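J.:
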Amino acid sequence: MATQRQMHLGVSMIGMGYHLAAWRHPDATPGGNSNLQHFIRVVQAAERGLFDMAFLADGVGIRFHDEPAGALARTCKNVQFEPLTLLSALAMVTSRVGLVATASTTYNEPYHIARKFASLDHISGGRAGWNVVTSVTDMEAQNFNRDKAPGYDQRYDRAAEFVEVVRGLWESWEDDAFVRDKASGLNYHPKKMHVLNHQGPHFQVRGPLNVERTPQGAPVIVQAGASEQGRELAAATADVVYAASQRLEDGRAYYADVKDRMAKYGRDPSSLAIMPGIMAIPGRTRQEAQDRYDVLQELVHPLVGLGARSNYLGDLSAYPLDGPVPEPPNRRMHSRAQIFLDIARRGNLTIRELYLSIAGGNGHRLVIGTPGDIADAMEEWFVGGAADGFNILPPYLPGGLEDVVEMVVPELQRRGLYRTAYAGTTLRDHLGAAWPEHRVAAARRAAVAATLTDIVG
225 MATQRQMHLG
235 VSMIGMGYHL
245 AAWRHPDATP
255 GGNSNLQHFI
265 RVVQAAERGL
275 FDMAFLADGV
285 GIRFHDEPAG
295 ALARTCKNVQ
305 FEPLTLLSAL
315 AMVTSRVGLV
325 ATASTTYNEP
335 YHIARKFASL
345 DHISGGRAGW
355 NVVTSVTDME
365 AQNFNRDKAP
375 GYDQRYDRAA
385 EFVEVVRGLW
395 ESWEDDAFVR
405 DKASGLNYHP
415 KKMHVLNHQG
425 PHFQVRGPLN
435 VERTPQGAPV
445 IVQAGASEQG
455 RELAAATADV
465 VYAASQRLED
475 GRAYYADVKD
485 RMAKYGRDPS
495 SLAIMPGIMA
505 IPGRTRQEAQ
515 DRYDVLQELV
525 HPLVGLGARS
535 NYLGDLSAYP
545 LDGPVPEPPN
555 RRMHSRAQIF
565 LDIARRGNLT
575 IRELYLSIAG
585 GNGHRLVIGT
595 PGDIADAMEE
605 WFVGGAADGF
615 NILPPYLPGG
625 LEDVVEMVVP
635 ELQRRGLYRT
645 AYAGTTLRDH
655 LGAAWPEHRV
665 AAARRAAVAA
675 TLTDIVG
């Protein structure tokens, strides 16, 4: 009898929560962005819910335009912990949930990233994941001796080579390189240590990495590209993809497109988990759920609503709030900007209606209702070819995540759609992802096998 396919769940631990007014919620932790105990409560809730992973988004600077003036001061997006430092601390108070951090390929070097994530994988016992991003904003560029961010093609060309180098550095040591034989005095087999000697258009990296092979072979690679080159990078390299779709047909199209691209890289589509973001707001009744959402909606200041959209559509403050959404004066972050424009055009929304409609999910899917309603919505996408799981976007933290763990997870388990216990200890275990075979060792074994075949033949 075939085992029923089960969905993966992750949570985005973004500061105070995903809703624009998260920090103003009566139950939100004051100053939670800079409070370790806040994040401990969040990550332990994720582990109680048997989540595959907890994810920290990041940017190397304040990435949000103060448009209109004064908007930024009314948000909680100005400060946050450096994610690898925070995840190392959270590894000490958890034992199963995966720990995924964003790190940019634009303003880092491959050796740094390979070393940091390999170290986190050891510290956490095999639970590390790297969310690969490129940095798009000029505000970040200006923290690194530049006036403007690199162009789109340049960013993605660098990113593709960056990932290649990092993966090569993670293969500096074979799985059984270290013998640590005190009697003979041999610590490792010299032939099982490999110097990378990468020479490429963006990087020249000798290696080897001074961190040994990690508990899960290599940290999990996560990607979130919706653009053409982002999809290609995901198909070539990622174990997990975060996606943003509001409609089932869009989710299906994205899912099929990325999976179909994998064949040219010799990859099995089942080796990649596509996890759309979803903001789930459950209540014991539909009215209770709606009331919970309305509390947050009423806390959205107009400046914040306009400011959040200015990061994608440019400054709309010169246009009437209750007038139609204009063609953007300065479109930024093109993929997400197009999502917002599609929402506005489909619903014939005003500027105010647009920012309120996406104040929660920021372009991701929003589901409000009973645990059964939310499970229905997730099941439809999961069985309908649009998702392998979901990245939960709590409206506020930690309570918004705890609601999902306490109400929605049991309903998914009752339907057989979700695990009732962890089956393993590493993030790869949770994802059902194969151990990444060491390519040099595999090539050597293949050569030996071919030689034996010739001898026998």
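Just so you know, we're using the working numbering here: the sequence shown kicks off at 225 and counts up by one.
For every residue, glycine included, the Cβ atom is placed at its ideal position computed from N, Cα and C.
Remember, it's a predicted structure, so these values are computed and weren't measured experimentally.
(1) If you reduce the DSSP assignment to three classes, tell me which class R589 lands in.
(2) I'd like the span of the alpha helix (DSSP H) that includes P334, first residue to last.
(3) How is the beta strand (DSSP E) around Q447 delimited, first residue to last?
(4) Excluding the 5 residues flanking A442 on each side, which residues of the same chain have their C-beta closer than 6 Å to its C-beta?
(5) Are the CB atoms of V360 and T329 within a distance shorter than 8 Å?
(6) So is L260 buried or exposed if we call it buried at 16+ other beta carbons inside 10 Å?
(7) Cα-Cα, which of S494, I616, D612, V524 is closest to Y695?
(8) Distance check for R485 and G256, CA to CA, integer angstroms please.
(9) With a cut-off of 8 Å on the beta carbons, I'd call A383 and K372 a contact; round off their distance for me.
(10) State the beta-bridge partners of V360 as determined by DSSP.
(11) Return the chain-ordered list of same chain residues with a C-beta closer than 6 Å to the C-beta of G200, the five sequence neighbours on each side being excluded.
(12) Pull up the distance between the alpha-carbon of W605 and that of Q230, whole angstroms please.
(13) Identify, in the order they occur along the chain, each residue of the same chain with its Cβ nearer than 6 Å to the Cβ of Y412, setting aside the five sequence neighbours on each side.
(14) DSSP three-state call for K417: helix, strand or coil?
(15) Once you ignore the five residues that flank D653 on each side, which residues in its own chain have a CB closer than 7 Å to its CB?
(16) Going by DSSP, what residue range makes up the alpha helix (DSSP H) through D518?
(17) Near R370, what residues of its chain come up, given a Cβ to Cβ distance below 6 Å and the 5 sequence neighbours on each side ignored?
(18) Is Q453 helix, strand or coil when you go by DSSP?
(19) Please state the DSSP three-state secondary structure of Y331.
T.: According to the structure shown:
(1) strand
(2) 334-348
(3) 444-447
(4) W394, P660
(5) no
(6) exposed
(7) A question about residue 695 goes unanswered here, because the residues of the chain that appear run from 225 up to 681.
(8) 40 Å
(9) 17 Å between Cβ atoms; not a contact.
(10) V360 pairs with nothing; no bridge assigned.
(11) A question about residue 200 goes unanswered here, because the residues of the chain that appear run from 225 up to 681.
(12) 13 Å
(13) A401, F402
(14) Contrary to the premise, residue 417 reads as Met rather than Lys in this sequence. Looking at M417 - three-state DSSP - the assignment turns out to be strand.
(15) A647
(16) 510-521
(17) none
(18) helix
(19) coil
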